[in-house]
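See below for the structure under consideration.
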Amino acid sequence: NTLNKVLKHEKTPLFRNQVIIPLVLSPDRDEDLMRQTEGRVPVFSHEVVPDHLRTKPDPEVEEQEKQLTTDAARIGADAAQKQIQSLNKMCSNLLEKISKEERESESGGLRPNKQTFNPTDTNALVAAVAFGKGLSNWRPSGSSGPGQPGQPGAGTILAGTSGLQQVQMAGAPSQQQPMLSGVQMAQAGQPGKMPSGIKTNIKSASMHPYQR
Amino acid sequence: MRKILSPRVRGYRQDFLKIAQVYPVPYLTGGSESSCVVFNLDTMEAPPVTMMPVTGGTINMMEYLLQGSVLDHSLESLIHRLRGLCDNMEPETFLDHEMVFLLKGQQASPFVLRARRSMDRAGAPWHLRYLGQPEMGDKNRHALVRNCVDIATSENLTDFLMEMGFRMDHEFVAKGHLFRKGIMKIMVYKIFRILVPGNTDSTEALSLSYLVELSVVAPAGQDVVSDDMKNFAEQLKPLVHLEKIDPKRLM
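The following block contains the structure:
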């Protein structure tokens, strides 16, 4: 980075104010030069000069640059600042939009197709069919303390599915007309559940008497 | 009917099988009613047995199951795809009422039986089903495998079960379509919750999706079946993702 440092040094003169004129040109191959430029400049001839010794841009380019500088100066510093700021803002907005669009287009391209099924629904339906989650009427599973045995009408206490829900007992439908003899029973937190249910019930049961 | 004391749960399944004289019924797999023997619970009679009585020598039938769901608005495309993939037959719809009965014994886990009746097919027998715990082989088996016993019964099944000591745990109505491909059965149905117990008219849909089930009932040990099921399930992607869902995870 020493080259950059040298070029940016405040003591380096502005190159465009100066002209470099070659002193010796030869169409012969120069080995020293080759070594120094790492093989890039084999001959120091008149063809090399305009490219390597140039200090000012082409005349047309110089004209355009002059035009631009006069225009910029004409606007005034404040207006120029405002223009710069708005340009920056617009650029950053655009960049954001583009990157967001790119990110979403990968998943967004699939999303209209993907919405043919909903995994939550899948789980809910499978749970309903497997052990009646969401089907035992009107009360979703809530309390985690052991329930109290209600008064069964039929004489046997039923421990239903996991979760301490209220289970509606219905009389068995007779052949033609279904009868409605519903007996509501609270579910006891008995060890009459699935093994996993047992663990949770024991846990909640042991917490209950000591923490209240 | 004489009141029957509920037998102990441990030996229950064998007792029940002896009483019910199990003839495995391929329920809903193509009208093979000729192979189904209906056990009349009223008179406790079965047709004369010409083969060996069932004393534990049943072929263990296993149900291989893959489940998924599809939203209502994509149902049509799924049905079209299934009509193309599955055996050529008239599209079959069904409306079933299923009741799940539990028998609570002294043991930890209650004994579960599922009773199903058809609401739109008059004269069809009731279907009683036992499903065991899913086998946790967890090898390259792609489907959920569980022991399965299917029995066709007469209409007073629920009375019988109540007398045996079962109590109904929950019920629902299933309405949907049925497809077949070889031994595979594909059911696409919506589950309706029954608001007033016993009254199958007052129902409401449980969710905005249809449940899709791919199942095969085959003798135990035929794991090649699950490969066929997986290949079929691949054909239904990306509409539906059929996969092995462990119900215990959803508890």
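Chains as they are written, first to last, in our numbering: chain A, 289 to 500; chain B, 12 to 262.
We put the beta carbon where it would ideally sit given N, CA and C, even for glycine.
Just so we're clear, the structure is a prediction, and the values are computed from it rather than from any experiment.
Please confirm if residue i has its CB atom under 8 angstroms from at least one CB of chain D.
i                 : result
Ser393 of chain A : No chain D is present in this structure, whose protein chains are A and B.
In chain A, which residues lie with their C-beta within 7 angstroms of the C-beta of residue i?
i                 : result
Gly79 of chain B  : Phe405, Thr410
His252 of chain B : Phe405
Val111 of chain B : Gly420
Residues of chain A with CB under 9 angstroms from residue i, in chain order?
i                 : result
His91 of chain B  : Within chain A, no residue comes near His91 of chain B; the closest Cβ sits about 13 angstroms away, beyond 9 angstroms.
Ser129 of chain B : Here the premise fails: no neighbours, minimum Cβ distance about 14 angstroms.
Leu222 of chain B : Asp409, Thr410, Leu413, Val414, Ala416, Val417
For the alpha helix (DSSP H) that residue i lies in, which residues bound it at each end?
i                 : result
Lys92 of chain B  : Going by the sequence as given, residue 92 of chain B is Arg instead of Lys. Residues 86 to 96.
Asn158 of chain B : Element bounds for Asn158 of chain B: not the alpha helix (DSSP H) but the beta strand (DSSP E), 155 to 164.
Arg323 of chain A : 319 to 324
Asp170 of chain B : 168 to 175
Ile363 of chain A : 347 to 363
Lys241 of chain B : 235 to 247
Asp180 of chain B : Per DSSP, Asp180 of chain B belongs to no alpha helix (DSSP H); it is in the beta strand (DSSP E), 178 to 192.
Phe419 of chain A : 407 to 419
Pro208 of chain B : Taken as a continuous stretch (DSSP letters only), Pro208 of chain B belongs to no alpha helix (DSSP H), as it is neither H nor E.
Asn292 of chain A : 290 to 296
Quick one: list the residues of chain B neighbouring residue i, beta-carbon separation under 8 angstroms, in chain order.
i                 : result
Gly422 of chain A : Arg204, Leu217
How would you write the range of the beta strand (DSSP E) that residue i sits in, first residue to last?
i                 : result
Asp83 of chain B  : Where Asp83 of chain B is concerned, there is no enclosing beta strand (DSSP E), given that its DSSP letter is neither H nor E.
Lys255 of chain B : Neither: Lys255 of chain B is in no beta strand (DSSP E) and is coded neither H nor E.
Asp107 of chain B : 103 to 114
Pro145 of chain B : 137 to 145
Val228 of chain B : 220 to 230
Val123 of chain B : 122 to 129
How about residue i and residue j: are their beta carbons less than 8 angstroms apart?
i                 : j                 : result
Arg128 of chain B : Trp137 of chain B : yes
Gly187 of chain B : Tyr221 of chain B : yes
Val223 of chain B : Val199 of chain B : yes
Val251 of chain B : Thr408 of chain A : no
Val111 of chain B : Tyr141 of chain B : no
Leu321 of chain A : His334 of chain A : no
Ala412 of chain A : Ser218 of chain B : yes
Val414 of chain A : Pro258 of chain B : yes
Arg317 of chain A : Val294 of chain A : no
Asp107 of chain B : Ala185 of chain B : yes
Arg204 of chain B : Thr214 of chain B : yes
Met195 of chain B : Leu172 of chain B : no
If the cut is a Cβ gap below 8 angstroms, which residues of chain A does residue i touch?
i                 : result
Phe105 of chain B : What Phe105 of chain B touches in chain A: nothing, since even the nearest Cβ is about 15 angstroms away.
Pro258 of chain B : Val414, Ala415, Ala418, Phe419
Val184 of chain B : Simply none; closest approach about 10 angstroms.
ask   = Does the stretch 243 to 250 of chain B come close enough to the stretch 85 to 97 of chain B to have 3 or more Cβ pairs within less than 8 angstroms?
value = yes
Where the stretch 157 to 180 of chain B meets chain A: residues whose CB sits under 8 angstroms from a CB there = Glu166, Asn167, Thr169, Asp170, Leu172, Met173, Gly176, Arg178, Met179, Asp180
inquiry  = Residues of the stretch 355 to 376 of chain A in Cβ contact with chain B at a cutoff of 7 angstroms, in chain order, please.
reply    = none
query = Would you call the stretch 302 to 317 of chain A and the stretch 340 to 357 of chain A touching, i.e. three or more CB-CB distances under 8 angstroms?
reply = yes
ask   = Along the stretch 225 to 239 of chain B, what residues have a CB closer than 7 angstroms to any CB found in chain A?
value = none
Touching by the beta-carbon criterion (3+ pairs, under 8 angstroms), the stretch 70 to 78 of chain B and the stretch 167 to 183 of chain B = no
message = Using 8 angstroms as the cut-off, can you tell me whether the stretch 178 to 186 of chain B makes contact with the stretch 142 to 156 of chain B, which would need three or more C-beta pairs spanning the two stretches below that distance?
response = no
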